Structures are given as structure tokens and as C-alpha cells.
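Undergrad: The sequence shown begins at 12 in my numbering and counts up one residue at a time.
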Amino acid sequence: KIPSVRFDEAKVLISEKYNRKIRNPYDLEPEEEALIGRYFQEEYQSDFVFVTHYPSKKRPFYAMDDP
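#1: With a 10 Å radius around its C-beta and 16 neighbouring C-beta atoms as the bar for buried, classify residue 27 as buried or exposed.
#2: Could you tell me the alpha carbon to alpha carbon distance between residue 57 and residue 49, rounded to whole angstroms?
#3: On the three-state DSSP scale, how would you describe residue 72?
#4: Can you give the Cα-Cα distance for residue 16 and residue 73, rounded to whole angstroms?
#5: Beta-carbon within less than 6 Å of residue 64's beta-carbon, same chain only, minus the 5 sequence neighbours each way: which residues are those?
#6: Between which residues of its own chain and residue 29 is the CB-CB distance below 7 Å, once the five residues before and five after are set aside?
Set out below in C-alpha cells:
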């Protein structure tokens, strides 16, 4: 099973675990993506993770919001 994490939870998780300031609350920076991958590799031995509930500002107009 591939683990999943909400976008806002992922931002807080890497901010707290890796002592990283949240600079852009609407998108994931490349380093943040790498840290999320690292965390889920260490904690769940998974090379994959689904990040869900991205902010509407970063989604294309035709994408439906996840409730």
C-alpha cells in the first residue's frame, strides 16, 4: 500500500522534523519534496507517497477540489 499525506500536514511535518521554515504555503519546493520522500522512506519503507489536498491556487482550473 502506498502511504498518503495531506498537503498541509506534509508542510508541517517537514517543518517540524527537519527544522525547515515554511516559505511558500501554496506549493512544495523541490527540497521539501525530497524531504517528504526521505521521511516516508525512513518511516514506512516506501519509495512512493501520495500528497493529497493541494491548495486550489496550484491546481489547474479543470481539476476538481478534493473535499
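Think of the CB as a built atom: it goes at the ideal place given N, C-alpha and C, for glycine as much as any other residue. What you are looking at is a predicted structure, and each value in this text was computed from that prediction instead of being measured.
TA: In this structure, then:
#1: Burial call: exposed.
#2: The straight-line gap from Cα to Cα measures roughly 9 Å.
#3: Look at residue 72 here: in three-state DSSP terms it is coil, with no helix or strand label.
#4: For residue 16 and residue 73, the distance between alpha carbons rounds to 23 Å.
#5: Here the set comprises 17, 18, 77.
#6: The answer, listed in chain order, is 46.
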